[in-house]
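Residue numbers (the working numbering), protein chains in the order written: chain H, 1 to 255; chain A, 256 to 275. Note sheet for the following structure.
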Amino acid sequence: QDSQLGPNNVSMGELDRIAQNIIKSHLETCQYTTEELQQLAWQTHSYEEVKMYQSKPRDALWQQCAIQITHAIQYVVEFAKRISGFMELCQNDQILLLKSGCLEVVLVRMCRAFNPLNNTVLFEGKYGGMQMFKALGCDDLVSAVFDFAKSLCSLQLTEEEIALFSAAVLISTDRPWLMEPRKVQKLQEKIYFALQHIMQKNHMDEDALAKLISRIPTLSALCTLHTEELQAFQQLHPETVNVLFPPLYKELFNP
Amino acid sequence: KEKHKILHQLLQNSTSPVDL
Numbered sequence: 001q002d003s004q005l006g007p008n009n010v011s012m013g014e015l016d017r018i019a020q021n022i023i024k025s026h027l028e029t030c031q032y033t034t035e036e037l038q039q040l041a042w043q044t045h046s047y048e049e050v051k052m053y054q055s056k057p058r059d060a061l062w063q064q065c066a067i068q069i070t071h072a073i074q075y076v077v078e079f080a081k082r083i084s085g086f087m088e089l090c091q092n093d094q095i096l097l098l099k100s101g102c103l104e105v106v107l108v109r110m111c112r113a114f115n116p117l118n119n120t121v122l123f124e125g126k127y128g129g130m131q132m133f134k135a136l137g138c139d140d141l142v143s144a145v146f147d148f149a150k151s152l153c154s155l156q157l158t159e160e161e162i163a164l165f166s167a168a169v170l171i172s173t174d175r176p177w178l179m180e181p182r183k184v185q186k187l188q189e190k191i192y193f194a195l196q197h198i199m200q201k202n203h204m205d206e207d208a209l210a211k212l213i214s215r216i217p218t219l220s221a222l223c224t225l226h227t228e229e230l231q232a233f234q235q236l237h238p239e240t241v242n243v244l245f246p247p248l249y250k251e252l253f254n255p
Numbered sequence: 256k257e258k259h260k261i262l263h264q265l266l267q268n269s270t271s272p273v274d275l
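Here it is, written out as structure tokens:
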């Protein structure tokens, strides 16, 4: 395989090594295994539990969500660290890529914990629908996140593809202020070739990769919307954000 | 570095899946 050349003269052996490393990193750093998610898939929050979430004060539910997001982000940081080549980037670029991409990866990973058959997502141990997040007061964001998860699920990605797509989203030259964009670009290109290779193997649909890549602008729009909603919330509840939100969440998202 | 103290720390820490 090492003598067989793939795109851009990268050997097929190297593409395979990159793919295997990223898939392993993904599987080691997912909060739930595929089997665990399958077992939980039909365990939904009861009517009373949903009512309880709905009747929470707005700031309490925001805090709960911030805690869950922060927890998920810690796993994404660990995923990034295990990707060969990531820790070889300069520290500035490691931080920049994570700061700008971690929430996007959390949203990609969320499709694993989304049941498209009843439009529910895993939250605090059980599945629940959009109405569970009503008290957040940002229906547009919640509904956009659910729409995104449903649309990503419709592509029926394998764990391998989710892993490589997550890495491609994270290691992106589109982020401003990179100090070594060439180095990031080289890594990104290899990840894309590996993703392309796997998708061609797994999908009959020739446009599957194009369809997947076309979801990236939505991811970025969701993160912008999240920042805007956070700013609006912070204006109304500055104390909640300053005192009760996880420090990592504030470090990543505070204006 | 100061601005991203926690992220910086997380990047420096050596962790295993068990720690997660």
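Glycine is no exception: its CB is placed at the ideal position from the N, C-alpha and C atoms.
The C-beta of Arg182(H) has fewer than 16 other C-beta atoms within 10 Å across all chains shown, which makes the residue exposed.
Each of Ile95(H), Glu14(H) and Glu124(H) was checked against the Cα of Gln31(H), and the nearest Cα belongs to Glu124(H). For Glu159(H), the closest Cβ of chain A is not nearer than 7 Å.
The CB of Val77(H) comes closer than 8 Å to the CB of Leu262, Leu265 and Leu266 in chain A, given here in chain order. Counting other Cβ atoms within 10 Å of its Cβ, Glu228(H) stays below 16 and is therefore classed as exposed. Glu14(H) and Cys90(H) have their C-alpha atoms spaced approximately 22 Å apart. Proximity of the segment 19-31 of chain H to the segment 183-201 of chain H meets the contact definition, three or more beta-carbon pairs being nearer than 8 Å.
A direct Cα-Cα distance of roughly 12 Å separates Gln38(H) from Lys126(H). Residue environment for Asn9(H): exposed (fewer than 16 other C-beta atoms within 10 angstroms of its C-beta). With respect to His259(A), Ile95(H) sits close: the two C-beta atoms are nearer than 7 Å.
For Val121(H), there is no enclosing alpha helix (DSSP H); the enclosing beta strand (DSSP E) has its first and last residue at Thr120 to Phe123.
Pro246(H) places its beta carbon less than 7 Å from that of Ile67(H). A direct Cα-to-Cα measurement between Asn254(H) and Glu239(H) gives close to 13 Å. With contacts defined by Cβ atoms closer than 7 Å, Leu178(H) and Asp59(H) do not form a contacting pair. When Cβ-Cβ separations below 7 Å define contact, Gln234(H) makes no contact with chain A. Sorting Cys102(H), Gln64(H) and Thr120(H) by C-alpha distance to the C-alpha of Ser46(H) places Thr120(H) at the top.
Under the 7 Å criterion on CB atoms, Ile95(H) is classed as interfacial with respect to chain A. Taking Leu98(H) as the centre and dropping the five residues before and after it, the same chain places the C-beta of Val77 and Ala80 closer than 7 Å to its C-beta, in chain order. The Cβ atoms of Leu61(H) and Leu122(H) do not sit closer than 7 Å to each other. In the DSSP annotation of this structure, the continuous segment of the alpha helix (DSSP H) that includes Gly13(H) starts and ends at Met12 to Glu28.
For Ser25(H), the number of other beta carbons within 10 angstroms of its own is at least 16, and it is reported as buried. Scanning chain A for C-beta atoms nearer than 7 Å to the C-beta of Lys81(H) yields Leu266, reported in chain order. If you draw a 10 Å sphere on the C-beta of Leu187(H), you find 16 or more other C-beta atoms in it, and that means buried.
Put simply, the CB of Glu35(H) is far from chain A, with every gap to its CB atoms at 7 Å or more. With a cutoff of 7 Å on beta-carbon distance, Cys223(H) and Leu103(H) are scored as near each other. Interface criterion met: the Cβ of Glu251(H) is under 7 Å from a Cβ in chain A. Per DSSP, reduced to three states, the secondary structure at Thr44(H) is strand.
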